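Which chain is which? The protein sequence lines are A and B, in order.
Take 1 as the starting number for the first sequence in this note's numbering and just add one per residue.
Take 1001 as the starting number for the second sequence in this note's numbering and just add one per residue.
Where a beta carbon is used, it is the ideal one built from N, C-alpha and C, also for glycine.
As the structure is a computational prediction, the values presented were derived from the model and not from experiment.
Heads up: the structure comes next, in structure tokens.
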Amino acid sequence: MGKTEVVAMILAGGQGSRLGVLTKTIAKPAVPFGSRYRIIDFPLSNCVNSGIEIVGVLTQYQPLALNTYVGNGHPWDLDRNNAGAYILPPYQTADGSSWYKGTANAIYQNMSFVDDNSPKYVVILSGDHIYKMDYAAMLKAHIDKGADATLAVYEVPWEEAPRFGILNTKDDDVIEEFDEKPAKPKSNLASMGVYIFTWDVLREALIEDEADPDSNNDFGKNIVPNLLAKGKKLCAYRFAGYWKDVGTISSLWETNMDILDKPEEINLVDRSWKIFSRNPVKPSHFIGSGAKVRNSALTDGCRIFGDVEHSVLSESVIVEKGAVVKDCVLMPGVVVGEGAHIERCIVDFGTIIGKNVEAGSFVTGEGPYTNKKLCSEGICVFERGLKIKDGAKICQNSMVDSDVEVAEDDSVIESTFRV
Amino acid sequence: MFNNAMGLILADNKKISLGELSTPRALSAMPFGGRYRIIDFMLSDMVNSGIKNVGLLTYNKYKSLMDHTGTGAAWSLDRKNDGLHILPPYVNSEASSTISDEELTGVMDFLRQSRSTYVIVAGSNIILNTTFDDFISSHEASGADISVMYNRDGTKYGNPSYILDIDEDGFVRDMLFNPPKAASSKCSLGILCLRRDLLIDIIAKQMAHGTTHFGIHSIVKMFDELKVYGFEYSGVALRINSVQSYFNSSMSLLTDSVRNNLFWSGNPVYTKVKDEAPTLYFDNADMSDSIVSDGCRIYGKVEESVIFRSVTIAKNTTVKNCVIMQDVHISENCYLENVILDKNAFVRPGVKLVGHPDYPVVIGKGAGI
């Protein structure tokens, strides 16, 4: 390949505050997903599988884990001589420094990165969706239609449409109007947050947007409506495959469960479109005698001596004898102690669930950690690096957070440690 | 971390055959333990000891080995200085019909280019998880010319075995090859430590005498003229000498002590990564006492087995006491016991295959049953 045709930019700087303790110390795209992945593996792998070799990863919020994870891009074959993965944090200039004010401003601040590669097109992606998509096919549609911008859209159920940014289109999927979370939607085509722009057009729009002091500097709120107002040709690109937003506790849990309930939809075993990840260096998993494992996903380093049912386990999880793990998502290194019983729990990195703990959807009532704002459907979430007291009871819809002030006797946390 | 050593690993062993299993590959490229090849252990041991320069001496069937090692990136051996060096037979055009001393010529070039003081030399059939720091410091302290690592497994793993007779000061005074009745239980692990310049001298001498093949125990055998020290290794060391010892060694991973010593001692075992999906267990999966790798789909029953990557075990099928390698598909209503299935084998519905624990059935690479 001679001249660069396309550069991808992944917006990975958001906090993902609706994930509560899971994003307290890491950015959302670095959150583990689906037993052996991180969320960002999906857009990164999609890029590589689509033939895009220059990928900028824009980081801002708690970037350490994400920077370390992406590293030199090697796991995705993005360690090329004149291409690859580039971490793009906010920076200082002679005029001072500024954080990324919004999604559009993040790209604005990195215009010289894009210019240096002088692409014709730019793909803008977000780091919080689980899907497999061929951006090359989308780019082809963009070129064939002579569009200035192409937005990937997903047909959502009509009753859910008010939760999304909705695109109203005319014939040939040319976009007429962008409705952010409309009360009365005129269409059910939701924007997936996957954009392709002709770079010259976007470049100009970013400069104009930056000059407007009232702008939110956001793609959905500002750039897209402004381009429409200027009469640019924006097209919708319909995507029909599996696509899930994992921005909330319940959607993160559900999307993990989809791997078990409808494995053919996301189809992780498809060797023609592999999802690459940074592999842990751990031996194959071991299932001891007396263990039961059904309807579950497991990966390297797990050691199972108890019952695991309908759960997604990341690397090096230990489930001890007599423990019951049901409908759970366990992140790397979690230990479930002897006789513990947990259901519908999301347990973050390394947390040790003490012996005979009872936690999750089957424990009714409310307790000091109940957090109905973020947790629903009975799901309990545990922060990383906690030792939960033996025999503790944690009721449904709790978020166990070491920063929540709880009377000593009511606290379920024995100690905290660095993971 | 000791830094002043380099490594030399022999990729194959002409004295060891695993029948159909070693037809497509060198011994060190033999899949082992779910996601590894035998060589991963020795390469990781060297890297975990701070060794940054490793030569891999091959003479045939090295395709699968080279696919596996690649540039050495998985072991952090893709380096500008040093790194992983594959040393294939050095065939020069004028003498293409016979490979004379070219195997040793290649080794000599590799040894001469290095600046390390010591060389750790290892064979292709040993699986252990260790670092060589103690081995090298004991070698230095002993004042020996050569140190050889051994343990007390005797002839437990069958032939070939090199039984050492060691005097009270720890020096080797005799070595017996496949003795009918072992005089001691001290069996060489075929891992040596010696100075690089001494190894160069030894090889030069061997070449002058017309030797073409690099043999670890031909160096140990020099106990008459050089001081050869025996270093006892007390951790778990598995030897792959035959199909039977391969099978037994694989099954020994199911015991906690062996598994913990080889995999959870704190030193990681590196291998080529494959980016398979997580393994999925379905409704009627029934698992016990088994090692399972990524990318598998398990619908049936698995007992006391080692399952490699991307294996499918269908409904109403039982797999017991088996080693099932990568990409094997086992259809419905099968019963397999004491079977080794090599990569890509396909078992059709309703097949019953039962071997004996002392004589497992071996199904070759890509076979259809």
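My output table needs one value for R1112 of chain B: the three-state DSSP class, helix, strand or coil. Note: R1112 of chain B maps to helix in three-state DSSP.
Hey, quick one: how far does the beta strand (DSSP E) through H285 of chain A stretch, first residue to last? Taken as a continuous stretch (DSSP letters only), the beta strand (DSSP E) holding H285 of chain A covers H285 to I287.
Closer than 9 Å, Cβ to Cβ, to anything on chain A: give me those residues from the segment 1254 to 1278 of chain B, in chain order. Cβ contacts with chain A come from L1254, D1256, R1259, L1262, F1263, W1264, P1268, V1269, Y1270, T1271, V1273, K1274, D1275, E1276, A1277 and P1278.
Going by alpha carbons, who is nearest to D401 of chain A out of A:G14, A:Q15, A:P283 and A:T25? Measuring from the Cα of D401 of chain A, the nearest candidate turns out to be A:T25.
With a cut-off of 8 Å on the beta carbons, I'd call S1185 of chain B and R1152 of chain B a contact; round off their distance for me. The pair is a contact, with the Cβ atoms about 4 Å apart (cut-off 8 Å).
Per the contact definition of three or more C-beta pairs closer than 8 Å, is the segment 146 to 160 of chain A in contact with the segment 189 to 206 of chain A? Taking one beta carbon from each stretch, the segment 189 to 206 of chain A and the segment 146 to 160 of chain A have 3 or more pairs nearer than 8 Å; the two touch.
For C1193 of chain B, write down the residues that DSSP places opposite it in a beta bridge. Paired residues: B:I1120 and B:S1147.
Per-residue DSSP class, three states only, for D1224 of chain B: Note: D1224 of chain B maps to helix in three-state DSSP.
Taking contact to mean at least 3 C-beta pairs separated by less than 8 Å, is the segment 1037 to 1057 of chain B in contact with the segment 1074 to 1088 of chain B? Contact holds between the segment 1037 to 1057 of chain B and the segment 1074 to 1088 of chain B, because three or more Cβ pairs, one in each stretch, are under 8 Å apart.
Is the separation between the beta-carbon of F362 of chain A and that of E343 of chain A shorter than 7 Å? In this structure, E343 of chain A lies closer than 7 Å to F362 of chain A by Cβ.
Can you name the start and end residues of the beta strand (DSSP E) that E53 of chain A belongs to? Segment: none, E53 of chain A is in no beta strand (DSSP E) and carries neither H nor E.
Who are the neighbours of I1000 of chain B on chain A, taking C-beta pairs under 9 Å? Residue 1000 of chain B lies beyond the residue range present for chain B, which begins at 1001 and ends at 1369; the question has no answer from this structure.
Answer yes or no: does any C-beta atom of chain B fall closer than 7 Å to that of T299 of chain A? By this cut-off, T299 of chain A is an interface position.
Assuming A147 of chain A and K233 of chain A are in contact, meaning their beta carbons sit under 8 Å apart, how far apart are those beta carbons, in whole angstroms? Contact between A147 of chain A and K233 of chain A holds: their C-beta atoms lie close to 5 Å from each other, under 8 Å.
Are the C-beta of Y1246 of chain B and some C-beta of chain A separated by less than 7 Å? Not one chain A Cβ lies under 7 Å of Y1246 of chain B.
Sheet register partners of R1239 of chain B (DSSP bridge): B:I1126.
Is L1280 of chain B close to chain A? Criterion is C-beta to C-beta, closer than 7 Å. With 7 Å as the cut-off, L1280 of chain B counts as an interface residue toward chain A.
Should D1134 of chain B be flagged as near chain A, meaning a C-beta pair shorter than 7 Å? Contact with chain A is absent for D1134 of chain B, since none of that chain's Cβ atoms lies less than 7 Å from the residue's Cβ.
Against chain A, which members of the segment 1219 to 1248 of chain B pass a CB distance test of less than 7 Å? Interface annotation for the segment 1219 to 1248 of chain B against chain A: empty, criterion Cβ-Cβ distance under 7 Å.
Just to confirm the assignment, what range does the alpha helix (DSSP H) spanning H1068 of chain B have? It spans K1063 to T1069 - the alpha helix (DSSP H) in which H1068 of chain B sits, taken as one unbroken run.
Beta-carbon proximity of R1025 of chain B to T1271 of chain B, cut-off 7 Å: At the C-beta level, R1025 of chain B and T1271 of chain B stay beyond 7 Å of one another.
Would R294 of chain A count as contacting chain B if we go by Cβ distances under 7 Å? R294 of chain A counts as touching chain B.
Examine chain A for any beta-carbon lying closer than 7 Å to the beta-carbon of S1064 of chain B, and answer yes or no. The C-beta of S1064 of chain B comes no closer than 7 Å to any C-beta of chain A.
To the nearest angstrom, how far is it from the Cα of V122 of chain A to the Cα of V1273 of chain B? Looking at the two C-alpha atoms, the distance is approximately 31 Å.
Per-residue contacts from F349 of chain A into chain B (C-beta, under 9 Å): In chain order: nothing, as chain B lies at least about 17 Å away.
Output needed in chain order: residues of the segment 1292 to 1315 of chain B with a Cβ under 7 Å from some Cβ in chain A. Residues V1292, S1293, D1294 and G1295.
Going along chain B, which residues have a C-beta under 8 Å from L78 of chain A? Per Cβ cutoff of 8 Å: no residues; L78 of chain A is ~14 Å from chain B at best.
Might you give, ordered along the chain, the residues of its own chain that have their beta carbon closer than 6 Å to the beta carbon of V406 of chain A, omitting 5 neighbours on each side? Setting aside the 5 residues that flank it on each side, V406 of chain A is surrounded in the same chain by P368, each with a C-beta closer than 6 Å to its C-beta; the list follows chain order.
L1018 of chain B versus L1262 of chain B: straight-line alpha-carbon distance, rounded: Just so you know, the alpha carbons of L1018 of chain B and L1262 of chain B end up roughly 22 Å apart.
Per DSSP, what kind of secondary structure is D1165 of chain B in: helix, strand or coil? Strand at D1165 of chain B.
Closest by C-alpha distance to D171 of chain A, when choosing among A:L206, A:Y237 and A:W199: Measuring from the Cα of D171 of chain A, the nearest candidate turns out to be A:Y237.
Does the segment 1210 to 1229 of chain B come within contact of the segment 1249 to 1263 of chain B, defined as at least 3 CB pairs closer than 8 Å? Judged by Cβ distances under 8 Å, the segment 1210 to 1229 of chain B makes no contact with the segment 1249 to 1263 of chain B, as fewer than three pairs qualify.
As assigned by DSSP and simplified to three states, the class of I1039 of chain B: DSSP places I1039 of chain B in the helix class (H, G or I) of the three-state scheme.
Using a beta-carbon distance below 7 Å, is N81 of chain A in contact with chain B? N81 of chain A does not count as touching chain B.
Same chain, Cβ closer than 6 Å to M1287 of chain B, five either side skipped, listed in chain order: Once the five neighbours on either side are set aside, the close Cβ partners of M1287 of chain B are V1302.
For the alpha helix (DSSP H) containing K140 of chain A, name the first residue and the last one. It spans Y135 to D144 - the alpha helix (DSSP H) in which K140 of chain A sits, taken as one unbroken run.
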